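Below you'll find the structure, written out as structure tokens, and then a few comments.
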Amino acid sequence: LLLTKAMGKLQSKISFYNTKYRADGSVGQTGPSGASQQHSPAHTDAVTSVAALKPDLCVSGGKDKSVAVCSWRSGAALRRFIGHEREVTKVTSALDSSRVFSASRDKTVMMWELHGTSGPSQHFPGHDLVVTGLAVSPDASQLCTGSRDNTVCKWDTETGECLGRAAISRNLVTHLCWVPGEPYVIQTSEDKTTRVWDSRELQVAHTFPAKQHIQTCCDVSQDGRYCLSSSSGHSGHGGEATLWDLRQTRGRVCEYKGHFQTTTSCVFLPRGPAFAPSIATSSSDSTVKVWDQATAGRG
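Next comes the structure, spelled out in structure tokens:
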């Protein structure tokens with residue numbers, strides 16, 4: 001009986017507000033009175049990438065070639081940036097920064113100012129193929145980009161100058177992320193490896209053992225101690241996420257297995273005072289799974 005009462009109280013708390021995401025792309029916020037607010041979709045075609053911008057804002061890129069800044073609380077699109085000639089593949093920003101970065105199939109990267117004009121404030125051309133990796137330093141002064149042209153580049157965000165370019169045979173970049181508080185950048189690749197780049201000289205500092213499948217995505221824990229990579233897969237083979245130790249041991253810590261198709265994205269979830277460290281993965285099998293970071297048990 002006590003358990004039933006406790007669950008009833010918990011349910012009443014978590015259902016006080018309910019956000020509905022409709023098939024037509026609009027968002028409805030329903031409160032105690034049942035009132036609903038609807039907003040137009042942020043994009044006119046498929047959304048290809050999304051990233052945090054500020055505690056209440058996110059940035060997204062789409063096949064419609066645009067970049068949008070939205071309030072996740074209300075669903076309203078607050079800014080829209082136009083400039084790319086082909087679809088946007090990746091978006092990112094330094095958290096709490098007013099600068100937004102986008103990569104595209106047009107082989108370029110652009111920088112946008114949240115409070116500036118609708119046009120780009122900086123342009124980063126130089127790759128020979130679609131740009132598939134994008135990571136910005138915590139202070140937003142430097143940018144790392146990666147492409148299917150097998151190269152990783154480093155840029156000065158103020159001047160747009162290319163500060164370095166490194167090429168590795170068969171290194172078709174799939175994702176990049178910057179290690180918080182460090183000069184290191186994590187990179188996943190279609191050659192099935194996860195690399196750690198030292199951004200100061202743009203050299204590979206470490207390469208983790210190759211997996212059995214293409215590595216599709218990566219993320220770094222907020223304390224900079226661990227990184228995640230996710231694998232392609234099909235019919236129950238592959239599709240796992242892997243936790244790697246970024247400290248001196250630099251070994252594999254854990255694997256998260258349960259998806260039946262390619263795991264397309266992996267992320268460390270913000271840690272709350274009452275929750276154990278957790279990660280989330282999304283997959284082409286139409287599921288999102290939340291895992292206990294230490295035990296690989298699903299939540």
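Residue numbers in the sequence shown follow full-length UniProt numbering, run continuously in steps of one, and reach 299 at the last position. C-beta atoms are modelled at their ideal positions from N, C-alpha and C, and glycine is treated no differently. This one's a predicted model, so the numbers in the text were calculated from it and none came from an experiment.
{"Asked": "Proximal residues to residue 63 (C-beta, below 7 Å), its chain only, five neighbours per side dropped", "Found": "45, 46, 48, 87"}
{"Asked": "Cβ shell of residue 225 (< 8 Å), same chain only, five flanking positions each side left out", "Found": "245, 246, 247"}
{"Asked": "Beta-carbon contacts of residue 283 that lie in its chain and below 8 Å, excluding the five residues immediately before and after", "Found": "239, 259, 260, 261, 262, 263, 264, 289"}
{"Asked": "C-beta contact flag for residue 136 and residue 147 at 9 Å", "Found": "no"}
{"Asked": "Outcome for residue 31 when other beta-carbon atoms lying within 10 angstroms are tallied against a minimum of 16", "Found": "Any reading at residue 31 needs caution, since the residue's pLDDT is 47, under 50, leaving its predicted position unreliable; the model's value is listed next. Its Cβ having fewer than 16 others within 10 Å, residue 31 is exposed."}
{"Asked": "Cβ neighbours of residue 95 in the same chain (closer than 7 Å, five flanking residues each side left out)", "Found": "52"}
{"Asked": "Three or more C-beta pairs below 8 Å linking the segment 169 to 179 and the segment 139 to 157", "Found": "yes"}
{"Asked": "Assigned secondary structure, residue 265 (DSSP; H/G/I helix, E/B strand, else coil)", "Found": "strand"}
{"Asked": "Straight-line Cα distance separating residue 197 from residue 203", "Found": "6 Å"}
{"Asked": "Per-residue burial, residue 301 [other beta carbons within 10 Å of its own, 16 or more giving buried]", "Found": "Residue 301 is absent from the model: the chain starts at 1 and stops at 299."}
{"Asked": "Inter-residue Cα distance where the pair is residue 285 and residue 186", "Found": "26 Å"}
{"Asked": "Residues bridged to residue 234 (per DSSP)", "Found": "237"}
{"Asked": "For residue 154 and residue 164, the rounded distance between their alpha carbons", "Found": "5 Å"}
{"Asked": "Residue interval of the beta strand (DSSP E) (run including residue 134)", "Found": "131 to 136"}
{"Asked": "Opposing strand residues paired with residue 228 [DSSP bridges]", "Found": "219, 243"}
{"Asked": "Buried or exposed (CB count within 10 angstroms, at least 16 for buried), residue 73", "Found": "exposed"}
{"Asked": "Within 9 Å, strictly: CB atoms of residue 84 and residue 66", "Found": "yes"}
{"Asked": "Member of 193, 222, 70, 118 whose CA lies at the smallest distance from the CA of residue 182", "Found": "222"}
{"Asked": "Residues of its chain near residue 97, where Cβ-Cβ distance is below 7 Å and the 5 sequence neighbours each way are ignored", "Found": "140"}
{"Asked": "Residue 51 - containing beta strand (DSSP E), residue span", "Found": "47 to 54"}
{"Asked": "Helix, strand or coil at residue 303 [DSSP, three-state]", "Found": "The question about residue 303 has no answer here: the residues shown for the chain are numbered 1 through 299."}
{"Asked": "Among 268, 121, 178, the one whose alpha carbon lies nearest that of residue 308", "Found": "Lying before the first or after the last residue shown, residue 308 is absent from the chain, which here runs from 1 to 299."}
{"Asked": "Exposed unless 16 or more other CB atoms sit within 10 angstroms - verdict on residue 281", "Found": "buried"}
{"Asked": "Sequence-distant residues of its chain with Cβ nearer than 6 Å to residue 106 (five each side left out)", "Found": "84, 85, 86"}
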